[in-house]
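All letters in the sequence shown, in the order written, are residues 1 to 38 by the UniProt record's numbering. Yeah, the Cβ is synthetic: ideal placement off N, Cα and C, and Gly gets one too. On a predicted model such as this, the values are computed, not experimentally measured, just so you know. Here is the structure we will look at, set down as structure tokens.
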Amino acid sequence: ITINVKCTSPQQCLRPCKDRFGQHAGGKCINGKCKCYP
């Protein structure tokens, strides 16, 4: 699930993904946007 959060590294996506989808969510940075894996 791509969310509207800009990023340059996967670390920047972990917090917003966990906030939205819970503790077990992961995140990647793809094309400058965060993609979450709930």
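Item	Value
Under 8 Å between the Cβ atoms of Cys7 and Lys33?	yes
By Cβ distance, which residues of its chain are closer than 6 Å to Pro38, with the 5 residues on each side in sequence left out?	Phe21, Ala25
Tell me the rounded alpha-carbon separation between Leu14 and Asn31.	16 Å
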